[in-house]
Structures are given as structure tokens and as C-alpha cells.
Amino acid sequence: MTPRIQALHGGSESPERHVVKLPIDISETEIFLVCNDDIRLSSQIASKLKNYGAKKIRLSYPPDQTK
1049 MTPRIQALHG GSESPERHVV KLPIDISETE IFLVCNDDIR LSSQIASKLK NYGAKKIRLS
1109 YPPDQTK
């Protein structure tokens, strides 16, 4: 983990300490997130889903934004 990411996670603490428990288990659910205009917002949503325990997140970009 890079120092910048460690700072975002609160120092040298493990990212697993920040996982929030949901009433359902989404760790094995495949989640497809389509990034239209705002890739940064989509990345933030993916990060939040990871905080909730999601492990299988796929980001999909429109062809014109991947160039």
C-alpha cells in the first residue's frame, strides 16, 4: 500500500478495519458499474461498495473514454 493510500485509510491500519457490515452479504455478488460521464464519481461508488465488503466490482467505460 502506498503512503498516500495509507494516509487515506488512517495510517498503517489494515483496510479490513474499515469494512461496514450490511444485513446481506455482497462479497460474492458480481457488481457491474457503468461509468458514463463522471468516472471519478463511479470510482468513488466502487470504493464505497468495497467498504461494504464487495469483492467482485467491474467498471465498464464507454469506448470514447478509454482512448
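If you number the sequence shown the way my numbering does, the last residue is 1115 and the count never jumps.
Note that beta-carbon positions come from the ideal geometry of N, C-alpha and C, so glycine has one too.
Endpoints, beta strand (DSSP E) assigned at residue i
i: residue 1104; result: 1104 to 1108
Assigned exposure category for residue i - 16 Cβ within 10 Å defines buried
i: residue 1109; result: exposed
Helix, strand or coil at residue i according to DSSP, with G and I counted as helix
i: residue 1072; result: coil
i: residue 1086; result: coil
Counterpart residues of residue i in DSSP-defined beta bridges
i: residue 1081; result: 1107
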